[in-house]
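Just so you know, the protein sequences line up as chains L and Z, in that order.
According to the numbering used here, the first sequence is numbered sequentially starting from 1.
According to the numbering used here, the second sequence is numbered sequentially starting from 1.
A virtual CB, placed ideally from N, CA and C, is assigned to each residue, including glycine.
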Amino acid sequence: MVVAPPETKKKKKEAQKAKTYVGQPVKRREDPRLLTGRGTFVDDISVPNMLYAAILRSPRAHARIVSIDTSKALNHPNVVTVLTGAEVGEQSLPFPVGVVASFKYYSAAVNKVRYVGEPVAVVVASDRYVAEDALELIEVEYDPLPPVVKPEDALDPAAAILHEELGNNIGCHRLLDYGEVDKAFEEADLTLKERFVFPRYSSLPLETYAVISDFDSVTGVITVHSNFMGPFSMHAVTARALNIDENMLRFIVPSDIGGSFGIKSSIYPYIVLISLAAKKAGRPVKWIEDRQEHLMASSCQTDRVAYREVAVKNDGTLLGIKSKVIENVGAYLRAPEPACTFRPIGNFVGPYKVRNVRLDAYDVMTNKCPTGPNRGYGCQQIYFEQERMMDHIAEELDLDPLEVRRRNLIAAEDIPYTTPMGGIYDSGDYQKGFDLVVEMSQYESLKKQRDEAQSEGRLVGIGIATGIDPSVSNMGYITVALPPEVRSKPGYLPKSGSAESATIQMNQRGKVSVKMGTTPQGQGHETVVSQIVADELGITPEEVMVIDEFDTATHGWSISSGTYASRFSSVGTSAAALAARKLKKKIVHLAAALLSVPEEDLIIEDGTVVSQSNPEKKITVKRVAGTAHWNLELLPDDIEAGLQARAVFRFPSNVAPDAQDRVNSSNTYGFMAEICVVEVDRDSGEVKILDWFSVHDAGTIINPMLMEGQIYGGALHGIAGALYEELTYDDDGQMLAGNFMQYVCPTAVEAPKLNIGHICSPSPLTTLGSKGAGESSSETAPAAVAGAVADALRPLGVNINELPLNPKRVWSLIHEGPPENNQ
Amino acid sequence: MADQYRSIRVTVNGQEYCRQVEPRKLLSDFLRDDLELKGTHVGCEHGICGACTVLFNGQTARSCLLFAIQADGAQIKTVEGLATNGELHPVQQGFWDNHGLQCGFCTPGFLLTACELLERNPDPTEEEVRVGLSGNMCRCTGYKQIVDSVMDAAEKIRAQK
Chain L
1 MVVAPPETKK KKKEAQKAKT YVGQPVKRRE DPRLLTGRGT FVDDISVPNM LYAAILRSPR
61 AHARIVSIDT SKALNHPNVV TVLTGAEVGE QSLPFPVGVV ASFKYYSAAV NKVRYVGEPV
121 AVVVASDRYV AEDALELIEV EYDPLPPVVK PEDALDPAAA ILHEELGNNI GCHRLLDYGE
181 VDKAFEEADL TLKERFVFPR YSSLPLETYA VISDFDSVTG VITVHSNFMG PFSMHAVTAR
241 ALNIDENMLR FIVPSDIGGS FGIKSSIYPY IVLISLAAKK AGRPVKWIED RQEHLMASSC
301 QTDRVAYREV AVKNDGTLLG IKSKVIENVG AYLRAPEPAC TFRPIGNFVG PYKVRNVRLD
361 AYDVMTNKCP TGPNRGYGCQ QIYFEQERMM DHIAEELDLD PLEVRRRNLI AAEDIPYTTP
421 MGGIYDSGDY QKGFDLVVEM SQYESLKKQR DEAQSEGRLV GIGIATGIDP SVSNMGYITV
481 ALPPEVRSKP GYLPKSGSAE SATIQMNQRG KVSVKMGTTP QGQGHETVVS QIVADELGIT
541 PEEVMVIDEF DTATHGWSIS SGTYASRFSS VGTSAAALAA RKLKKKIVHL AAALLSVPEE
601 DLIIEDGTVV SQSNPEKKIT VKRVAGTAHW NLELLPDDIE AGLQARAVFR FPSNVAPDAQ
661 DRVNSSNTYG FMAEICVVEV DRDSGEVKIL DWFSVHDAGT IINPMLMEGQ IYGGALHGIA
721 GALYEELTYD DDGQMLAGNF MQYVCPTAVE APKLNIGHIC SPSPLTTLGS KGAGESSSET
781 APAAVAGAVA DALRPLGVNI NELPLNPKRV WSLIHEGPPE NNQ
Chain Z
1 MADQYRSIRV TVNGQEYCRQ VEPRKLLSDF LRDDLELKGT HVGCEHGICG ACTVLFNGQT
61 ARSCLLFAIQ ADGAQIKTVE GLATNGELHP VQQGFWDNHG LQCGFCTPGF LLTACELLER
121 NPDPTEEEVR VGLSGNMCRC TGYKQIVDSV MDAAEKIRAQ K
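Given below as structure tokens:
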């Protein structure tokens with residue numbers, strides 16, 4: 001059931017009258033091609049003379065490479081070439097990354113392997129079958145080294161060191177201090193401290209990584225087709241590793257990408273590796289990752305251990321937070337990491353008023369797969385710790401967990417609100433959102449039902465979680481990874497901001513095309529842009545052609561372009577609307593000249609530009625367009641021939657971090673609140689979701705049907721991380737979840753139905769008032785599930801500070817009690 | 001190595017193809033690379049995700065778990081064969097009307113699974129639809145709108161009869 005927007009049908013009628021499409025459940029224009037098997041994904045593309053690659057990967061977590069013998073593979077029929085890690089070390093540069101720590105990360109292991117699945121060599125052959133055959137003919141001798149797997153072990157001075165040149169396993173360490181933390185703890189009535197463990201999981205797109213690279217030996221240009229959806233700051237990183245100028249590296253992204261959820265922003269090391277292979281082969285090379293490779297060696301979010309201490313008043317007021325986090329970024333701290341730690345810095349406190357925060361953050365390297373952005377990036381970990389702590393406070397003070405949260409919410413009149421870490425919450429009414437979820441769930445009655453069930457011996461519990469959903473990262477946030485003294489050095493180029501562009505063109509017959517560079521992965525950008533442009537120009541979405549393929553050589557783009565951090569619905573939509581407005585202005589300007597009336601007197605109505613003072617004076621938009629293209633003689637000097645406009649939207653409030661490490665890390669901040677009910681099966685340990693209520697504030701909703709899809713998708717990723725999915729390793733660093741039987745993803749049977757509610761606090765910063773929505777519940781769902789399971793198991797005296805709550809762990813908690821220091 | 005090839009005759013979406021294939025070639029690769037039918041997607045290559053599902057002699061089968069030579073003499077239907085004369089199949093229409101897809105990568109497998117499901121059970125309950133689709137993975141939608149799509153498609157098909 002979708003509670004709101006309730007008046008969809010009514011709205012639709014009004015819209016038909018007023019001809020507005022923003023806010024309507026317009027059906028997707030992307031669907032017909034995808035429903036008939038006519039989409040274009042990277043693996044559907046072939047380029048002439050193409051070869052195929054397969055990658056030999058390390059079976060060991062940590063070992064020195066003693067020797068590699070590729071001779072048998074090279075002699076195998078139809079093998080064209082073999083590229084080894086040693087050659088990668090010679091022919092490319094280490095990837096740059098924004099931390100002080102110095103270590104070398106290449107696209108393949110040069111002399112040492114540091115995780116199971118790390119590329120060791122690439123075979124290039126006539127087809128994929130042959131390439132895979134030849135992998136087995138490569139002989140590698142390894143000298144094993146002791147592995148480091150768990151985040152806290154990485155800090156142990158006795159632990160093995162992954163990168164000898166670094167001398168320890170710390171990729172980044174920052175101690176950040178905001179407000180008066182010590183004072184807050186002195187003034188507290190109560191302090192609590194808990195240890196939390198958050199697992200590694202991946203929102204895991206169904207389409208794996210895919211790269212086609214072509215090196216042009218005449219020009220030196222490398223052309224790459226891939227399902228890389230940005231951020232295109234990684235284009236610069238890739239060019240640097242390939243040691244070529246950025247204008248010599250061309251990225252092409254097709255119209256269809258089979259999901260990403262952030263995971264595909266870590267594809268770029270493979271772009272380098274396959275480009276080196278193509279260069280050596282002298283022919284274009286295609287590589288399609290298989291599922292096992294994806295699970296062990298693509299990307300995922302960090303696992304982390306966190307110690308959180310809170311200072312609280314007896315009335316539940318949260319005064320201060322001390323948090324020590326140890327994020328496990330895997331074998332190589334890989335850009336954009338350590339963003340996992342810093343992306344949510346501005347919204348670290350969530351919707352709460354607390355002003356005093358100390359964050360002692362470590363990003364450690366271990367013998368696991370390198371990490372990267374994953375839906376919710378960094379937020380699910382924080383909200384898990386935050387919301388579990390709220391429950392602990394409630395329990396300790398004998399308050400309702402709902403009430404503890406309510407008392408700490410930032411008031412609507414204080415918005416826009418600047419958090420202690422510098423985040424600027426642009427709009428919102430958290431109390432109202434909270435009230436709605438309480439009302440929808442009939443919380444008091446839910447509690448009664450739970451109590452009754454518990455009195456019957458059933459393990460039923462209620463979970464609550466709330467959070468702030470940051471969208472559109474300010475590129476400057478990542479530089480909090482550097483100490484202020486580094487950022488203030490002369491010559492250091494500060495980073496800030498976020499921009500997106502749109503180009504619009506009206507042809508000589510008045511038809512409109514819009515070119516976006518937002519590289520969608522299923523979000524329906526083409527549809528949304530058509531709705532927006534139709535409204536701006538007073539036409540129908542069907543009259544707007546939207547092109548969302550991407551090519552760095554032909555599109556206007558910038559470093560922050562791409563689809564990540566829920567950018568599109570803020571920056572992408574704003575750019576599209578502004579481009580359409582610019583175009584409209586040009587049409588009116590030209591019509592004014594052609595009709596000899598002042599611009600202010602003109603309006604566009606039903607495809608005609610009409611004078612308001614003298615309706616006799618009018619000209620069709622089509623004729624204006626025809627004149628602009630065909631009859632340049634009539635154009636005033638200040639009007640360009642043709643009718644096109646390009647708009648670049650950027651946020652005004654994006655500055656680099658200040659000397660106190662405060663930064664507005666994102667641009668728009670949404671809100672979500674969840675209440676869920678679960679039942680735990682005492683005998684199997686299985687957790688079943690009985691009910692779920694979810695309230696969202698993402699500002700203006702452009703397409704409620706698409707919004708619902710985003711919320712469902714995000715919620716299930718969070719729920720899956722809480723209950724099912726984990727990228728597990730054994731103590732030797734061996735990967736244990738290399739296929740879908742071991743990495744258990746929910747199906748339609750496990751997926752719950754959600755009761756969704758909306759409130760709308762339009763963002764004052766975006767053109768249409770919209771904010772991101774795709775990540776929201778992925779951030780709060782793990783905390784909500786954990787809270788509900790904890791509530792269900794409270795009669796048994798069980799504490800829940802660790803995920804996932806799969807049947808094995810839950811059964812053990814019920815029947816065996818908490819494990820000893822289980823990481 | 002032509003002696004390694006075998007000759008097969010297979011009917012896909014009503015059209016007969018005769019091809020020489022290596023015995024080890026997967027049916028999914030054969031459909032995609034030899035017949036250029038790119039609508040069948042490969043998501044896991046170990047028979048779990050269901051993206052590569054096709055109708056094999058009228059029954060769903062995972063084309064990544066079959067060799068092309070096993071299809072010798074078979075009738076296969078892929079996503080490209082669902083629409084007739086440019087008109088979407090009711091299951092396709094149901095997915096379009098109910099936002100049953102986002103990235104579209106898993107969609108061909110869901111469509112063919114749903115066709116078989118509705119063939120066997122034209123009036124399923126929501127629970128039956130969920131169980132019927134449980135061999136297919138979707139990572140975008142959270143499944144709700146897929147279930148809505150199939151329920152709607154069932155209604156559309158019943159209305160046609």
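- Assignment of beta-bridge partners to C676/L by DSSP yields G463/L and W692/L.
- Where A61/Z is concerned, there is no enclosing alpha helix (DSSP H), although the beta strand (DSSP E) around it starts and stops at Q59 to R62.
- Identification of residues in the stretch 61-80 of chain Z having a C-beta nearer than 9 Å to some C-beta of chain L yields T78, V79 and E80, given in sequence order.
- By the CB criterion at 8 Å, S666/L and G423/L fall inside the cutoff.
- Scanning I532/L, N474/L and K618/L for the CA closest to the CA of A576/L turns up I532/L.
- The DSSP-derived three-state label of N328/L is strand.
- Annotation: the stretch 209-283 of chain L contains the following complete segments of the alpha helix (DSSP H) (minimum length 4 residues), in chain order: 233-242 and 268-281.
- A residue is called buried once 16 or more other Cβ atoms fall within 10 Å of its Cβ, and R809/L is buried on that count.
- Look at V147/Z: its C-beta is under 8 Å from a C-beta on chain L.
- For K618/L, the uninterrupted beta strand (DSSP E) segment begins and ends at K618 to T620.
- Contact check for A131/L against V120/L fails: the beta carbons are separated by 8 Å or more.
- Counting only residues of its own chain and dropping the five nearest sequence neighbours on each side, F693/L has a CB closer than 6 Å to the CB of V437, M440, S441, I675 and N755.
- Contact between the stretch 537-547 of chain L and the stretch 36-47 of chain L is absent: fewer than 3 CB-CB pairs across the two stretches fall below 8 Å.
- By the beta-carbon neighbour count (other beta carbons within 10 angstroms, threshold 16), P416/L is exposed.
- Counting only residues of its own chain and dropping the five nearest sequence neighbours on each side, C745/L has a CB closer than 8 Å to the CB of L204, A720, Y724 and E725.
- Scanning G167/L, A210/L, M707/L and V460/L for the CA closest to the CA of S298/L turns up A210/L.
- In the DSSP assignment, M390/L falls within the alpha helix (DSSP H) that extends over C379 to L397.
- Here G772/L is near D469/L, since their CB atoms are less than 8 Å apart.
- One finds L206, C745 and T747 in chain L with Cβ atoms closer than 7 Å to the Cβ of M137/Z, taken in chain order.
- Between T60/Z and F740/L, the alpha-carbon positions lie close to 20 Å from each other.
- Taking 8 Å as the cut-off, the Cβ atoms of A74/Z and L26/Z do not count as close.
- Just so you know, the alpha carbons of A499/L and V798/L end up roughly 48 Å apart.
- Around L166/L, the same chain offers A101, S102 and F103 as residues with beta carbons nearer than 7 Å, after the five sequence neighbours per side are excluded.
- Residue burial is scored here from C-beta neighbours: S473/L has at least 16 other C-beta atoms within 10 angstroms and is therefore classed as buried.
- Within the stretch 790-820 of chain L, complete alpha helix (DSSP H) segments of at least 4 residues are found at 807-816, given in chain order.
- In chain order, D31 and L35 make up the part of chain L whose C-beta sits under 8 Å from the C-beta of F95/Z.
- Non-local C-beta neighbours of L813/L in its own chain, meaning closer than 6 Å and more than five positions away in sequence, comprise V798, ordered along the chain.
- Shown here, S574/L sits in a helix according to DSSP, grouped into three states.
- In the DSSP assignment, Y564/L falls outside any alpha helix (DSSP H) and carries neither an H nor an E.
- Residues of the same chain with a CB within less than 7 Å of the CB of S761/L, apart from the 5 flanking positions on each side, are S427, G428, D429, D697 and G699 in chain order.
- Listed in chain order, the non-local C-beta contacts of N78/L below 6 Å within the same chain comprise A125, S126 and V130, local neighbours out to five positions each way being set aside.
- C106/Z and A51/Z have their C-alpha atoms spaced approximately 5 Å apart.
- R9/Z is classed as exposed because its beta carbon has fewer than 16 other beta carbons within 10 Å across all chains shown.
- One thing to note: Y362/L has its Cβ within 8 Å of the Cβ of L155/L.
- G774/L places its beta carbon 8 Å or farther from that of Q145/Z.
- Taking a Cβ-Cβ threshold of 8 Å, the residues of chain Z close to Y129/L are E22, R24 and K25, in chain order.
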